[in-house]
Structures are given as structure tokens and as C-alpha cells.
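**Student:**
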Amino acid sequence: MIRKSSRWFGATLMALVLTATGLVATTSTASAGYPILVYSADPYSAGNGFAIYTNSGIDAAFRACDEGAADGRRTIGRIWWEPVYAKVTLHAANGSGTCSEPYYVRLLAGTRVYVEACERKGANGADEKCRTTWDIVA
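Counting with mature numbering (1 follows the signal peptide of the UniProt record, and there is no 0), you get residues -32 to -1, 1 to 106 for the letters of the sequence shown.
1) What are the boundary residues of the beta strand (DSSP E) that residue 47 is part of?
2) Kindly indicate which three-state DSSP category residue 2 falls into: helix, strand or coil?
3) How far does the beta strand (DSSP E) with residue 17 in it reach, from first residue to last?
4) How about residue 109 and residue 32: are their beta carbons less than 8 Å apart?
5) On the DSSP bridge assignment, give the partners of residue 74 in chain order.
6) Looking at the structure shown, is residue -5 part of a helix, part of a strand, or coil, going by DSSP?
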């Protein structure tokens, strides 16, 4: 009986030592987010665009990108989040295959963020073929 309880005591002591020194593998509570991406409603062959929030931690970048066939339209990207709802709008206005300058967004983990991509003819045209998505910041 003494031998069994000493083994139990030894195993318990070893577990406490390993845990205290950080040698036991544990799951991490911090995880990198994945990008939040949405495409406009046109197919690539018709000249679409997309908006992307990198969701990579502090100062993650938001961009609007124009891609696909040249169609004379620019891509408009918007981002907003709860509870503010103030929208940031970017233009990818330099033609197909280009993106806007990045806009850096500092959001707290758990914030709901919305990303929208639209197409527009010229700087002052109406937004068309919009799509919106949302996710929670990691």
C-alpha cells in the first residue's frame, strides 16, 4: 500500500512541477484570424473586384481591389463595425489588377466587422453589384 500511494504522490508532484515550469503542452487562447473577404456580384470575366480585411491582429489592413477583365469600373470597398457603424470607404481606381492603399483598422477581439465590395462607374457613379459579409474579429 505504501508503494501505491508513493507512486501516486510522485506522479502528482511531477505533474505539478511540469505545469509550473510550463513544460506541459496547453492549447493557446490567442489565435490568428483569417481574412474577411467579399467579392462584388460580377464574375471575374466581367471585371469584378473584392474588399478584404486581413484580420491579423493589431493594425490589420483593409483594402479594395479591382481584378478581372477591364470594364471601366472601379471597386469600392467599405468596412464598418459594431457598435460604431461609421463606414470607411476605399476606391481601387487605378484599373484592373490594382488595389487601394491600405487602411489600418485596430479592432478588439470579439468585434463584429462588416466588409462590402461594390462596382462603380467613375468617382461619382452609383454603387452597383454590391455584396456584403461579416465576421467576428479573432
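Beta carbons: idealized from backbone N, C-alpha and C, even for Gly.
**Tutor:** On the basis of the coordinates in this document:
1) For this step, residue 47 is matched to residue 79 along the sequence shown. From DSSP, the beta strand (DSSP E) with residue 47 extends over 42 to 49.
2) What you label residue 2 is simply residue 34 of the sequence shown in a count that begins at 1. DSSP, read as helix, strand or coil, puts residue 2 in coil.
3) Here residue 17 refers to the residue found at position 49 when the sequence shown is read from its first residue. Looking at the DSSP string, the run of the beta strand (DSSP E) that includes residue 17 is 17 to 21.
4) This structure gives no information on residue 109, because the portion of the chain shown stretches from -32 to 106.
5) Along the sequence shown, read from residue 1 onward, the residue named residue 74 stands at position 106. For residue 74, which the question treats as bridged, DSSP gives no partner whatsoever.
6) Here the question's residue -5 lines up with position 28 in the sequence shown. Any reading at residue -5 is ruled out, since the residue's pLDDT is 27, under 50, leaving its predicted position unreliable.
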